[in-house]
Amino acid sequence: MRIQLKLLIIFITMGFLNSLFGQKKYPEEWNFYLTSIEDKPASIYLNLALQQLAPIKEKSNLCWVSLKLKSPTENGLTTNEESEILFKIEDKILETINPKNSLYIGRLTNNGYRDFYFYSKDSKVFKSETEKISKQYSNYEISVFSKEDKNWDSYFELYPNEMDLQSISNRSVLENLEKNGDNLTKPREVFHWIYFKNENDLKNYIQIVTKENFEIVNNDLIKENKLPYSLQIKRIDKVGYDDIDDYTLYLWRLAKENNGDYDGWETSVERD
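First residue of the sequence shown: 1, per the UniProt record's numbering; consecutive thereafter.
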């Protein structure tokens, strides 16, 4: 059995924009990634599927609930101990907010704060609703903010870049391997696909990766493709969560430097 990754994220579109009891249903593809903001670590959890629709005209106000962490880690993120109450607060916010007025897009944890972001029709309604949260969790320092954001600029600032998307996709494939009984401890052949505009870029890429002990499996010319020169390479590698980004992001960056496109990787399921 093989598990294959493609960079294209498949969004969940069941019930896409269908009306349910007068409330629109929006697509959902929730995922998280780690990044940095002003040189400080940040964790972002976002509904990636909204990228297809943004900006949503009727929800032009960015509203957010900002909560100061009680016991952040040294790098400003959450501890396991505090995570449980934070999830309860998040659930309570979602229960309190009227979904007809506000759409939850995700959260940001950075520099000792966790911010919950929404796009709303009426920011005054949002602020009125969230006052209940502040009263219920008075032991936390909670503030509510809003600003007009017709173009959803803040959403796109939170949206992962291409490299972050690759890392997210890597993690998804590893999760699928685990679901199929693979504990990810055994090194195995990992296959990669890369596409190029011209033969010179292909040859330069091959010259570099072969020095890194990658083997050429196949390369073809498919004239009708936008990137007609295809390359398949392989190498025996570890596939743990701490390993996969090291070489896949290297191959991704190298493809960009040679006007190419890293299209994904594939490996076998290995069970003990």
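A virtual CB, placed ideally from N, CA and C, is assigned to each residue, including glycine.
As the structure is a computational prediction, the values presented were derived from the model and not from experiment.
Under the three-state reduction of DSSP output, residue 74 falls in the coil class, being neither helix nor strand.
Within the same chain, 32, 34, 77 and 109 come within 7 Å of residue 43 by CB-CB distance, once the 5 residues on both sides are set aside. If you check the CB distance, residue 228 and residue 191 do not come in under 9 Å. Distances from the CA of residue 178 to each of 214, 118, 268 and 104 were compared; the closest alpha carbon is that of 268. Judged by DSSP secondary structure, residue 133 falls within the alpha helix (DSSP H) whose first and last residues are 123–136.
Within the UniProt domain "Regulator of ribonuclease activity B" (168–267), the runs of beta strand (DSSP E) that reach at least 3 residues and sit entirely inside it are, in chain order, 188–196, 215–221 and 229–237.
A Cβ-Cβ distance of about 16 Å is found for the pair residue 94 and residue 59, leaving them out of contact under the 8 Å criterion. Secondary-structure assignment with DSSP links residue 116 through a beta bridge to 65 and 107.
Setting aside the 5 residues that flank it on each side, residue 137 is surrounded in the same chain by 89, each with a C-beta closer than 7 Å to its C-beta; the list follows chain order. With respect to the C-alpha of residue 69, the residue from 118, 63, 81 and 37 having the closest C-alpha is 81. Cβ-Cβ distances below 6 Å link residue 219 to 231 in the same chain, with the five nearest sequence neighbours on each side left out; the list follows chain order.
Here residue 199 has 229 as same chain residues with Cβ atoms under 7 Å from its own Cβ, once five neighbours each way along the sequence are excluded. Counting the other CB atoms within 10 Å of its CB gives residue 251 a total of 16 or more, which places it among the buried residues. Between the C-alpha atoms of residue 208 and residue 260 there is a straight-line separation of about 14 Å. Going by DSSP, residue 148 is part of the beta strand (DSSP E) stretching over 142–148. The beta carbon of residue 223 sits closer than 6 Å to none of the beta carbons in its chain outside the five residues before and after it. Distances from the alpha-carbon of residue 186 to those of 92, 156, 147 and 240 put 240 closest. Between the beta-carbon of residue 257 and that of residue 233 there is about 16 Å, and that puts the pair past the 8 Å contact cut. One thing to note: residue 61 has its Cβ within 9 Å of the Cβ of residue 126. Close CB contacts of residue 166 within its chain, under the 6 Å cut and outside five residues either way in sequence, are with 252 (chain order). Taking C-beta atoms as the reference points, residue 71 and residue 142 fail to come closer than 9 Å. Across the structure, residue 36 and residue 205 are spaced so that their CA atoms are roughly 30 Å apart.
Contact check for residue 45 against residue 106 passes: the beta carbons are separated by less than 9 Å. Per DSSP, residue 94 is one residue of the alpha helix (DSSP H) stretching across 80–96. A direct Cα-to-Cα measurement between residue 49 and residue 159 gives close to 10 Å.
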